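Below is one structure, written out as structure tokens, with a few remarks after it.
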Amino acid sequence: MLRARGWYVLTADLLYWLVIGMPLTALLIWSNMEFAQSFVFFSVLKQAINAMLYTSLACILLFTFNDYFQSIKSSQPPLVKSLPKWLLYSFWSISAFFVICVSLVLSTNFSEFQKAQLEKELEINNNYITHIGNSYLNEHQQAIENIAYQLSYITDPAERKRALSKFHHLYPGFLTMLTASKQGKIELASPSSIMEKLVIGQFSVVDRPYFIHAMEEQKLFVSDVFLGRAFGNDPIIAISAPLYQGDGLNGPSGIVEGSLNLGMFGLYDKIGHDEKLIKTIVTDQNDRIIYSSDSLQLETLSGFSYEDRAYKNSLNLISLKSEKNEGEMFIHKQTQLMNDWKIHSLIEHKFSLKNIEDLYLVMFLTLFVTLLAASFFAKRFAIHLSRPLRFVMDELSKGKKTGDFRDVPYETPTEIQKLYQELRVNRLALLDNQEELQKQVFKRTEELNQANRKLTEQANTDTLTGLYNRRYFEKNFKMMQSIFSRNNSNLMYAIIDLDFFKNINDTHGHLFGDYCLVTVANMLKKFFNRDSDLVARFGGEEFVVVSQCDDVEILRSRMDEFLQQIAAYAFKDDGKGPITLTISVGIAVGQAKYSNLGEDWFAVADECLYEAKDNGRNQTKITVIDISAKVNV
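Okay, here's the thing in structure tokens:
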């Protein structure tokens, strides 16, 4: 519709995307793709820019290969354009294409750079948290082993209490520390403020895994993550080690345990980076959440699950299976602690996408400004170019034949000035040039016809002997057979072979052998000289002849005569010779309608030829074909 009104494709495409395409694309994405709602603006801009790129490329191709596309029938009439519109069309297409291409290259490079930067930031965060986490866990595990070793050699209860409190002061990561007897009764605890609420000796931990494993396995034990019971509600792990008395031969006398606060991950998380940019999730070996950044609002010790949203060559995108983070996508990178806990570093995809959106917006605005500038310059350029051309056309249309043409009163390119000066001279020389051109065309046509005739002759003739070649023979055999068949004539198919020709080549050389072939060929042409005779070189030293045969005995007599001519001829050339040679001939004779296939006739004649050679050579063997029995007689 817009084209019918004279609008160009690029203009119509731009208006379509501004008015219809972009709003419709945004609506479809918003209503059908929940995970993509966060980058609707980016998707809409990208679709519009891609459409402009493809349209401008199509316009350039149409402009470049206009002559070819004009040969293709169109359902619409051609759009006639004035020079200003042609220039505008060209300027718009080229400007849009190159602006978008350059912008896309820059945006791709920027995207790759940003991708590398984000991945590097995530890796740095993972390495930082992993290092802190491993150090934090190792340090406190070593602390439990050390206090267990010290307490095993202290027997005084007061001294043991002071040692436990001192150790707890050195390692504030432990929320509580305690010792329990062999029966699981708490003996000592730190801090003392928590233990004031309990009756020492009555609170039992005999059912706790950290007590059971330390007592039974008699080595350091680290529990799974759990929420504190009686000593707080923070996520903790219990680290315990057995205590011994004396020589320790009677087994552990109890355990020492520290409840390690895992909330410390949050402190290191906030110190390590800008909380608004990188989010951190720490999960245990069972993928339960130990710690997550506050902004994610994930429940502690709940299962951590996500959907992979990554696509080919893209960032590792995921979406969390959480109602509070529904529709949000994150760039994800994961590492693992030495105890199989996992560190997940996340960056909201919208932060990285925002920079790309800004870049595409700048690209779109740049394209719009470029098209406006191209419109202005195209119009000015069209005025400067068309004004002198219009003047020249007006002058020439007056039909003046004298030299009193006015000079162009405008600033004009030298090409137009030169054109203007030559048009008057060319007007008079036009007819002479046309006549000369016709003569040249006639001459070239005649030369071309002669060349074609020569090529045809070369394609059908054997270059050595001048006889027809095998290709021509096989092509024309059917035509001759058809003519003889319609006339109820007999057909003679002869194969002539030079006897011991290989010995001639080996003794006198191939050039002398070629001379013999040419001589025999000339003798064949003189002997079979009727217009209906077809003589050809079949290959090597073999020749074939197809002719009409009315009497077999006359044919036998003539062939004997030809054999005598060959045998009597002295072959000599360039000082070589003279020598004599003989030929063997196999002939198939029969009604032409026996077969229209040259292979059938050749098979019979070839059998005769071999029989002639077997019988001593220098002779003719003729077989008359019985067409009714399809056998040789």
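So the sequence shown is numbered by UniProt numbering: it starts at 1 and just counts up by one.
Every residue gets a Cβ at the ideal spot worked out from N, C-alpha and C, and that includes glycine.
Being a predicted model, the structure only gives us computed values, none of them experimental.
Check                                                                                                                             : Outcome
Contact under 8 Å by Cβ, ALA605 with ALA588                                                                                       : yes
Reference ASN325, options TYR306, ILE356 and VAL624, closest by Cα                                                                : TYR306
Paired residues, beta bridge with ALA374 - DSSP                                                                                   : Note: ALA374 sits in no beta bridge, so no partner.
Given ASP284 as reference, the closest of ILE278, SER295, THR300 and LEU277 once Cα atoms are compared                            : THR300
Stretch pair the segment 87–102 + the segment 285–300: three plus CB contacts closer than 8 Å                                     : no
CA-to-CA distance, ASP394 to PHE97, given in whole angstroms                                                                      : 37 Å
Nearest-angstrom Cα separation, counted from ASN261 out to ASN146                                                                 : 19 Å
From SER295, VAL99, LEU315 and VAL19, residue whose alpha carbon lies closest to that of PHE113                                   : LEU315
Reduced DSSP secondary structure (H/G/I, E/B, other) of THR461                                                                    : strand
C-alpha distance - LEU243 paired with ALA116, whole-angstrom precision                                                            : 51 Å
LYS333 classed as buried or exposed, judged by whether at least 16 other C-beta atoms fall within 10 angstroms                    : buried
Those residues which DSSP pairs with SER345 across a bridge                                                                       : THR280 and LYS333
Residues of its chain near HIS140, where Cβ-Cβ distance is below 8 Å and the 5 sequence neighbours each way are ignored           : TYR171, GLY173, PHE174, ILE239, GLY258 and LEU260
Under the three-state DSSP convention, the category SER489 falls into                                                             : coil
One or two residues paired with GLY258 in a DSSP bridge                                                                           : MET177 and ILE239
ASN618 beta carbon less than 8 Å from that of ILE582                                                                              : Looking at the sequence shown, residue 582 is not Ile but Thr. Yes, they are a contact pair.
Per DSSP, the bridge partner or partners of GLY539                                                                                : GLU542
Three-way DSSP call (helix, strand, coil) for LYS182 in this model                                                                : coil
Chain-order list of residues whose beta-carbon lies under 7 Å from that of ASN476 (same chain, five-residue window excluded)      : LEU534
Contact belief for VAL222 with PRO235 at Cβ below 8 Å, rounded distance in angstroms                                              : Not really, about 14 Å apart at Cβ, beyond 8 Å.
Per DSSP, the bridge partner or partners of ARG288                                                                                : GLY303
Chain-order list of residues whose beta-carbon lies under 6 Å from that of ASN596 (same chain, five-residue window excluded)      : LYS478 and GLN481
Backbone CA spacing between GLU435 and GLU447 [nearest angstrom]                                                                  : 19 Å
Contacts around SER319, its chain only, beta-carbon distance under 6 Å, and the 5 residues preceding and following it disregarded : PHE35, GLU307, ARG309 and MET329
Beta carbon of LEU87 nearer than 8 Å to that of ALA378                                                                            : yes
Helix, strand or coil at LEU317 according to DSSP, with G and I counted as helix                                                  : strand
Cβ pair ILE49, PHE364 closer than 8 Å                                                                                             : yes
Three-way DSSP call (helix, strand, coil) for ILE625 in this model                                                                : strand
Exposed unless 16 or more other CB atoms sit within 10 angstroms - verdict on GLU541                                              : buried
Reference THR108, options ILE496, LEU353 and GLN438, closest by Cα                                                                : LEU353
Helix, strand or coil at ASP234 [DSSP, three-state]                                                                               : coil
Sequence-distant residues of the same chain with beta carbon closer than 6 Å to PRO388, five excluded per side                    : VAL408, TYR410, THR412 and ILE416
Cut-off 6 Å between Cβ atoms - residues of its own chain near residue 672, not counting five sequence neighbours on either side   : Nothing about residue 672 can be read from this structure; the chain reaches only from 1 to 633.
For GLN142 and residue 672, the rounded distance between their alpha carbons                                                      : Shown here, the chain extends from 1 to 633; a query on residue 672 therefore has no answer.
Outcome for THR620 when other beta-carbon atoms lying within 10 angstroms are tallied against a minimum of 16                     : buried
PRO578: first and last residue of the uninterrupted beta strand (DSSP E) it sits in                                               : 576–579
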